[in-house]
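Mind the numbering: the sequence shown is residues 4 to 769 in our numbering, read in order.
Just so you know, even glycine gets a beta-carbon here, dropped at the ideal spot from N, CA and C.
This one's a predicted model, so the numbers in the text were calculated from it and none came from an experiment.
Below: the structure, in structure tokens.
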Amino acid sequence: MSTVGNSGFASQDKASIDAMFKSIQSATVYSEKGAQSFAKQLSALNQKAAELAKEGYDAGSLQDPIKRIHENLNQLSNTIGIEKKQAMFVQKVFLHAKAVNDLKQWMDHCTHAIQQLPTDVCMNDEQELQAQLDTIKKNMADAAPSFKGFQTLRSRILTTKDGAPLDLCEISLDPNETNSILREREQAILKDYEAVKQQYEDACRLIEESKKNVEIARKFKSVLNQVGDMKDRVSAVRICKDSSDEDMTNRDLTAILSCPLSSIPGEHRLASAKAELDILDRDIDTHLIPSIQELDNMLDVLKRENGQDMFSDRREEITIAMEGLTGLMRTKRRAIAEAEKMEGFLTVVEELEVLLLAVGEVVARAAPENARIVDGSYSRTDLQALLIDLDTRYRYYEPKIHELFDEARMVSLRLLDDPRVEKCIRQLEKRWENLQAEVAAKKEDLMARIGPLADTFDSLEIEDNLLPQEKGSRKAASLMKRKSNPILRHPSPQASPSTRTGGSAASKAAKRHTTTPVPFAFSNTAARANARKATTSPTALKRLSGSSRLSQRSLRSKTPETYVADPQNDLDVAVGDIVNDSPYKIFVKMVPGEVGKYWFGEVNPKLAYCRILRSRMVMVRVGGGWVELSQFLRDHALLEGGNFVSGRHSRASMLPTPTGVTRDVFLNTASGRMTPHINRITSNNQGVVSIRGGAAANGTHTPLPTMRASKSTPYRGISQVPYTHGIKAGNKFLVALDGEGNRVEVKMTKATDKDTKFTTPRRLNI
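This is the structure we're talking about:
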């Protein structure tokens, strides 16, 4: 009894209440048996007291203990009665808990059955679906009396058979607590029951309206398919070639922010990706958005008719899908924006790469091994020519490289949060320092091999061929040459302008260079003709001179027409300016549909890739390096038969020759495996001479080894011709061409036209 009275047993589960009822019932039975035993003993005591009273004992003394025992037995009987009432109440509470448990199990089964009902009529048999609904409806109708009887069970528990309220205090229970527990349990079950009925009604209404909503469902499916197709198309827009497929949303952006700078896509790929995204935006605006608007209109009509929005979940699905699509588009455009943010810096870096490669080729060409060996040592004239070429080209490229470094540092100020930018600048600075050290070492090596600058046999032989009026100034010119030419002085060590440090293996690529074999040389007939000129009469010389002029006019008449550039193409305009201004007239044609690719020449056509720097310098890709277009035209002109056309402005700056003929020349190199390079000068009459010294002192010629054909141009062989010597005066280099002393002048001047309106595509992914 104390257990029941001191705990809220009514809130316990069915098993606990059942165990409590059985315990109370067992205790009640035990108490009843004890009370009966005590009553029998009390009857025996009454008989014994009557016998003692007959014997003369005091009756009052005998009856007092018996009365006390009788009172205690009456109290025990009352307690047993209360315990029985308590057991009966616990049994009623147990029945209430059992009813709650049974109803809850039924509602769980009914809820599960309703949830399993298919709601898409077009995907299921309508008759089968209706049969399932009828079964659930019948079960709910059968369970309705049980729920109705359950609602009256609490009142029957708390009243007696006569309808009077049950005195719970008599059985040691709190009436308020007990009633509250029973009422909460009853309300929870009835609430769940109402939810089940509402769920069934919703399922019936949804199935009934499903027939009318088939069109809407199909529209939903169509819109989702469109969104999925758009996502697939957006995902197919690859900004980076090697982006991984692990994260379909951020793969391009992650690649742009973490890949090496050399892997960042170029302008062509970015323009292509932007064009594809623009097409997707147009398709979204013209197809997907109208479909969604049409679906929203259908949903609005349905909502006005039924008052409910049954497709809110699916509409939310479309909203989420659209957010994913727009987020993917936004990520793609952000990746493009991040790549474009690096565009200016990478343009400067690539121009630096081009110029550093060009300097590397200049250093490679200045190797002493490229000079001829005369009498067991390198020809001093050849070494001087290498030194002149090295110093001139280095001085030409050095300021441009410094300007690009300054621009790179300025452009990188807004990219300092990217460690790749700083690392790239350090690598380029280290590479430039290495090239500067190589140039200084190469100059010192050449100066050491040349030795003291004194009049040699080469200069004396050239002096004999000078005009009479020039012999008087020969000595002064020789002295001026030593004083005015900074190339012939040992270079003093200078501090590198770079302050950054960093290692890079990129300087290895700068040592690669491409060479072009010289396919034309003097023929035997031309050699014999030159030999006969010394003994030819004046009449014959006049005829030969007229023949030469006719030959020159014939060559000029066969020059290609002026190149007509596309005014909308900056690169093509710059190429046209250089080609039309160049005296080396060869056929040039732009490849249709291939940006930057041109065909050069007709006899030996060559396909080359060109790009224009922002300084309007046009570079041509040759092998693993870059050369200027003007130099490339000179190199390739030999393969086209030496068709050169001189301009009057170039003739005006040249020194007069003994014959009064001014010739345009150009330098070209050819290389063979384990053989020295041979530099030649070709004039407009196809005369070829060496600028690096003549024959040995005994008049013999050093045989030339067989040369290896270049991969970039065909090899036609090289004819051995008598070598004569060249002289340098100031910034002019004079070379004797034949036995009569005819000379040509090579002079390099700095370009004054620096129109920056021309820009170059930084990189083309083609």
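Asked: How far does the alpha helix (DSSP H) with Phe590 in it reach, from first residue to last?; Found: First-last for Phe590: undefined, no H or E at that position.
Asked: Run through DSSP, which three-state label would Tyr381 get?; Found: strand
Asked: Cβ of Ala102 within 7 Å of Cβ of Phe153?; Found: yes
Asked: How would you label Pro268, buried or exposed, when you count the other beta carbons within 10 angstroms and need 16 or more for buried?; Found: buried
Asked: When burial is assigned at 16 or more other CB atoms within 10 Å of the CB, is His493 buried or exposed?; Found: Reliability of the predicted coordinates at His493 is poor, the pLDDT of 37 falling under 50, and no value is obtained from them.
Asked: Can you tell me the Cβ-Cβ gap for Phe349 and Leu264, rounded? I've got them flagged as a contact below 8 Å.; Found: Looking at the sequence shown, residue 349 is not Phe but Leu. With a Cβ gap of about 6 Å, Leu349 and Leu264 count as contacting.
Asked: What span of residues does the alpha helix (DSSP H) with Met143 cover, start to end?; Found: Glu129 to Ile160
Asked: Looking at the structure shown, is Cys613 part of a helix, part of a strand, or coil, going by DSSP?; Found: strand
Asked: Just tell me which of Val226, Ala206, Tyr196 and Ala577 has its CA closest to the CA of Ile323.; Found: Val226
Asked: For the beta strand (DSSP E) that contains Met1, what are its first and last residues?; Found: What is shown of the chain runs 4 to 769, which leaves residue 1 out entirely.
Asked: Met313 to Val217, Cα distance in whole Å?; Found: 13 Å
Asked: Name the residue from Ile219, Gly363, Leu359 and Ala369 whose alpha carbon lies nearest to the alpha carbon of Leu298.; Found: Ile219
Asked: Give me the Cα-Cα distance between Gly2 and Ile192, rounded to the nearest whole angstrom.; Found: Given a span of 4 to 769 for the chain in the structure shown, any question on residue 2 remains unanswerable.
Asked: Name the one or two DSSP bridge partners that Trp629 has.; Found: Arg624
Asked: Does the stretch 49 to 57 come within contact of the stretch 102 to 113, defined as at least 3 CB pairs closer than 8 Å?; Found: no
Asked: Indicate whether Thr31 and Lys87 have their beta-carbon atoms separated by less than 7 Å.; Found: yes
Asked: Is there contact here, the stretch 227 to 240 with the stretch 139 to 146, by at least three beta-carbon pairs under 8 Å?; Found: no
Asked: When the Cα of Arg285 is compared with those of Glu441, Asn81, Val237 and Pro178, which residue comes out closest?; Found: Val237
Asked: Among residues of its own chain, excluding the 5 on either side of Asp61, which ones have a beta-carbon nearer than 8 Å to its beta-carbon?; Found: none
Asked: Please confirm whether Ala640 and Tyr566 have their CB atoms less than 7 Å apart.; Found: no
Asked: When you compare only the Cα positions, how much space is there between Asp303 and Ser275?; Found: 41 Å
Asked: Tyr60 by DSSP, collapsed to three states: which one?; Found: coil
Asked: To the nearest angstrom, how far is it from the Cα of Gln39 to the Cα of Gly84?; Found: 14 Å
Asked: Assuming Phe314 is part of the alpha helix (DSSP H), what are its boundary residues?; Found: Run containing Phe314: none; DSSP gives neither H nor E here.
Asked: Which word fits Tyr33, buried or exposed, when buried means at least 16 other C-beta atoms lie within 10 angstroms of its C-beta?; Found: exposed
Asked: Would Leu328 pass as a contact of Arg434 if the rule is Cβ separation under 7 Å?; Found: no
Asked: Give the single residue among Ala361, Ser382 and Val414 whose Cα lies nearest to the Cα of Arg398.; Found: Ala361
Asked: The alpha helix (DSSP H) with Lys194 in it runs from where to where?; Found: Pro178 to Ser213
Asked: May I ask which residues mark the beginning and end of the alpha helix (DSSP H) holding Lys446?; Found: Pro422 to Ile453
Asked: Can we say the stretch 109 to 121 touches the stretch 195 to 213, given the rule of at least three CB pairs closer than 8 Å?; Found: yes
Asked: Below 7 Å between beta carbons: does that hold for Ala338 and Leu256?; Found: yes
Asked: Find out if the Cβ-Cβ distance for the pair Leu386, Ala374 is shorter than 7 Å.; Found: yes
Asked: Please state whether DSSP places Ile242 in a helix, a strand or coil.; Found: coil
Asked: So, helix, strand or coil for Tyr566, using DSSP?; Found: coil
Asked: Please identify the residue among Tyr381, Ile581, Gln634 and Leu431 whose C-alpha is closest to the C-alpha of Glu353.; Found: Leu431
Asked: Helix, strand or coil: how does DSSP classify Pro68 here?; Found: helix
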